[in-house]
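Presented below is the structure to which this report refers.
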Amino acid sequence: MNRVRDIIMPDPKPAPLVDGFQRQIKYLRLSVTDRCDLRCTYCMPERMTFLPRKEVLSLEELYQLSLGFIARGVTKIRVTGGEPLVRRDIVDLFRALGRKLGHGLEELTLTTNATQLASYADDLARAGVRRVNVSLDTRDPAKFAALSRRDVLPKVLEGVAAAKEAGLKVKINTVALKGVNEAELPDLIAWSHSEGFDHTLIEVMPLGELGGEDRVGQYWGRKDLKAQLAKTYTLSELAHRTGGPARYLRIEETGQQIGLITPLTHNFCESCNRVRLTCTGELFMCLGQEDNADLRSPLRADPNDNTQLEEAIRAAIRLKPKGHDFDYSRQTADGQVSRHMSHTGG
Ligand code: SAM
Ligand code: SF4
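Going letter by letter, the sequence shown gives residues 102 to 447 in this note's numbering.
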């Protein structure tokens with residue numbers, strides 16, 4: 102990563118990226134690998150087919166593309182995957198991107214399953230990461246082993262504790278799964294809040310084939326979810342927004358709030374400011390649509406002339422769709438896309 106060169110763009114101050122619905126793109130989700138050390142049942146099958154390694158961009162290439170987005174107005178990058186911390190030398194990428202903080206980039210963060218976080222938390226903090234999203238659907242060891250198909254809850258909790266110790270602000274993300282973690286959610290939220298963590302609950306989305314797992318059956322919509330939480334907690338709706346898709350509920354008993362990301366119940370795409378870049382250089386403008394653009398070929402075409410890359414990025418952004426088409430209302434996973442979340446980057 103020391104050999105990294107900034108992308109030389111034809112225009113020294115490129116215009117910001119604005120899509121056909123006048124949404125300015127300021128947020129890049131950067132998937133650095135589609136591989137993972139867990140096999141969460143709602144995310145991927147046990148025998149997952151991963152991308153051939155030769156198709157995957159080098160860390161330097163991922164960095165170069167990120168610079169291109171920062172130059173065009175992206176202020177926040179979330180490194181994700183697959184599991185980002187299983188990618189070899191990933192800290193080098195964090196260090197390189199961290200040097201862009203205060204120079205166009207305002208926030209560098211990641212989403213992780215935390216199995217390796219204990220080893221990385223200090224390095225990430227030193228690289229400039231201030232916040233981390235940790236995906237945790239249960240604190241019950243047996244349930245965790247069943248849900249992720251790996252018996253590693255202690256490592257995850259160790260990772261979360263290390264992040265806190267390193268001074269990182271932790272947000273726990275939980276996919277709310279009917280019949281799986283519904284009874285535990287109030288306790289999980291109480292734990293997060295007692296640790297000083299933020300907490301967001303997410304509806305399960307129809308992303309990729311699972312080979313038999315039933316997402317529609319596990320889907321737990323906002324209304325039911327709220328009713329379930331209301332058995333334990335006094336809830337009030339909050340009006341404020343933080344720029345993303347989450348809506349917030351205040352919990353009287355903990356004195357804190359939780360976020361709800363409910364793309365199936367509501368479509369909040371009108372304010373979407375993000376795009377997703379996969380580890381092979383496909384740019385997806387929407388998690389829930391198939392349209393994408395190949396940035397790897399133009400990136401590799403001529404390292405000294407980025408005209409093609411500039412054109413490819415602009416053309417892709419112009420095609421950003423209005424929103425996703427997910428819909429379970431007919432008890433089928435309508436709007437399902439073929440890619441798993443681990444491919445597009447969660
Ligand atoms: N491996 C990392 C992790 O789990 O945090 C990062 C990638 S993972 C794909 C990102 C997020 O996507 C996780 O919070 C996971 O729970 C969520 N996710 C995966 N498949 C999903 C689905 N079908 N519906 C909703 N969320 C999903
Ligand atoms: Fe891996 Fe994250 Fe998918 Fe779980 S949700 S299998 S941790 S990529």
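Backbone N, C-alpha and C define an ideal beta-carbon position, used for all residues, glycine too.
Residues of its chain near R415, where Cβ-Cβ distance is below 8 Å and the 5 sequence neighbours each way are ignored: Within its own chain, the residues whose Cβ lies closer than 8 Å to the Cβ of R415, once the five positions on either side in sequence are excluded, are L118, listed in chain order.
Kindly indicate which three-state DSSP category L129 falls into: helix, strand or coil? The answer is strand: DSSP assigns L129 an E or B state.
How would you label P404, buried or exposed, when you count the other beta carbons within 10 angstroms and need 16 or more for buried? Exposed.
Close Cβ partners of Q125 (< 8 Å) along its chain, the five nearest in sequence each way excluded: Cβ neighbours of Q125 beyond the five flanking positions: P117, L118, V119, G174 and N374.
Where S443 sits in the DSSP three-state scheme: Looking at S443 - three-state DSSP - the assignment turns out to be helix.
Beta-carbon proximity list for G121, same chain, < 8 Å, skipping 5 on both sides: Cβ neighbours of G121 beyond the five flanking positions: R419, L420 and K421.
Tell me the start and end of each unbroken beta strand (DSSP E) in the region 315-366 that is at least 3 residues and wholly inside, in chain order. The qualifying runs are 336-339, 348-352 and 357-362.
Check whether the Cβ of Y143 sits closer than 7 Å to any heavy atom of ligand 1, and report yes or no. At least one heavy atom of ligand 1 is nearer than 7 Å to the Cβ of Y143, so yes.
What are the residues that DSSP puts in a beta bridge with I273? DSSP lists V235 and H300 as partners of I273.
Integer Cβ distance of A417 from A394, believed to fall under 8 Å: 3 Å between Cβ atoms; contact.
Indicate whether R179 and T134 have their beta-carbon atoms separated by less than 8 Å. Not in contact: R179 and T134 (Cβ atoms no closer than 8 Å).
Are there three or more Cβ pairs, one per stretch, closer than 8 Å when the region 255-264 is compared with the region 200-208? The count of Cβ pairs closer than 8 Å, one atom from the region 255-264 and one from the region 200-208, stays below three, leaving the stretches out of contact.
Considering D395, what are the terminal residues of the beta strand (DSSP E) in which it resides? Segment N393 to D395, the beta strand (DSSP E) holding D395.
Does the region 376-395 touch the region 340-349, meaning 3 or more C-beta pairs lie closer than 8 Å? No, because fewer than three Cβ pairs between the region 340-349 and the region 376-395 fall closer than 8 Å, the two stretches do not touch.
At a threshold of 7 Å, does C137 count as lining ligand 2 (C-beta to nearest heavy atom)? The closest heavy atom of ligand 2 lies less than 7 Å from the beta carbon of C137.
Beta carbon of R154, beta carbon of G183: below 8 Å? Going by C-beta atoms, R154 is not nearer than 8 Å to G183.
What does the alpha-carbon distance come out to for the pair L396 and D406? Straight across, the Cα-Cα distance linking L396 with D406 is about 14 Å.
Which listed residue (L311, L248 and G312) has its alpha carbon closest to that of N282: Cα-wise, what sits closest to N282 is L248.
How would you label E411, buried or exposed, when you count the other beta carbons within 10 angstroms and need 16 or more for buried? By the 10 Å Cβ count, E411 comes out buried.
Taking the alpha helix (DSSP H) that V257 falls in, what are its first and last residues? In the DSSP assignment, V257 falls within the unbroken alpha helix (DSSP H) covering L254 to E266.
Kindly indicate the opening and closing residues of the beta strand (DSSP E) around V180. Start and end: K177 to T181.
Tell me the residue span of the alpha helix (DSSP H) that contains V192. Boundaries of the alpha helix (DSSP H) harbouring V192: I191 to G199, taken from the DSSP string.
Which residue marks the beginning of the alpha helix (DSSP H) containing G408, and which one marks its end? One detail in the question is off: residue 408 reads as Thr in this sequence, not Gly. DSSP places T408 in the uninterrupted alpha helix (DSSP H) bounded by T408 to R419.
Would the beta-carbon of L336 fall within 8 Å of that of E162? Taking 8 Å as the cut-off, the beta carbon of L336 is found no closer than this to the beta carbon of E162.
Output needed for V276: all residues of its chain with C-beta closer than 7 Å, excluding positions within five of it in sequence on either side, in chain order. Short of 7 Å from the beta carbon of V276, and not among the five residues preceding or following it, lie these beta carbons of its own chain, in chain order: Y143, D238, I303 and V305.
Below 8 Å between beta carbons: does that hold for A267 and A226? In this structure, A226 lies closer than 8 Å to A267 by Cβ.
Is any heavy atom in ligand 1 found nearer than 7 Å to the beta carbon of S443? Yes; taking the cut-off as 7 Å, the Cβ of S443 has a heavy atom of ligand 1 nearer than that.
In whole angstroms, give me the CA-to-CA distance for K256 and V235. If you take the alpha carbons of K256 and V235, they lie about 13 Å apart.
Just the C-alpha distance for V105 and G199, rounded to the nearest angstrom, thanks. Confidence at V105 is low in this model, with a pLDDT of 45, below 50, so its placement is unreliable and the value that follows should be read with caution. Rounded to the nearest angstrom, the two C-alpha atoms are 14 Å apart.
Is the beta carbon of D224 closer than 8 Å to that of V192? Yes; because the gap between Cβ atoms is below 8 Å, this pair is in contact.
Near ligand 2: G183 beta-carbon under 7 Å from a heavy atom: For ligand 2, at least one heavy atom lies less than 7 Å from the Cβ of G183.
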